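Per the working numbering, residue 209 is the first one in the sequence shown, and the count goes up by one each step.
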Amino acid sequence: MVAYFFNWSVLAPRWWFETHRPAAPLIFFPQWYGLIDDAGGFIFSPSGAPEGMNMAGMICDRPVDLGEGWWMCGMRPGQ
């Protein structure tokens with residue numbers, strides 16, 4: 209019961225979405241998480257390269273363009 213009342217996204221999902229959605233249409237799909245604070249994966253960013261985006265503590269550096277607004281960051285292109 210306590211978890212239900214502290215999970216305010218259940219009580220006010222629209223308000224939760226309005227306060228937590230990213231300012232730009234960036235969506236991060238992590239493919240791996242490292243210990244403490246690292247991550248890498250795919251990013252949907254139709255407005256351009258997500259250079260400098262925080263991926264769970266690791267900054268996106270040199271993103272690889274996969275086309276149609278999709279980018280890969282924190283992963284090796286050959287893998």
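All C-beta atoms in this analysis are idealised placements derived from N, C-alpha and C, irrespective of residue type, glycine included. Keep in mind the model is a prediction, meaning the values are calculated, not measured.
{"Check": "In this structure, what does DSSP give as the bridge partners for Asp-269?", "Outcome": "In the DSSP output, where bridge partners are listed per residue, Asp-269 has none listed."}
{"Check": "Beta-carbon within less than 6 Å of Ile-235's beta-carbon, same chain only, minus the 5 sequence neighbours each way: which residues are those?", "Outcome": "Phe-252"}
{"Check": "Relative to the alpha-carbon of Leu-243, which residue among Glu-276, Gly-265, Pro-271 and Trp-278 has its alpha-carbon at the smallest distance?", "Outcome": "Gly-265"}
{"Check": "Among Tyr-241, Arg-284 and Phe-250, whose alpha-carbon lies nearest the alpha-carbon of Trp-278?", "Outcome": "Phe-250"}
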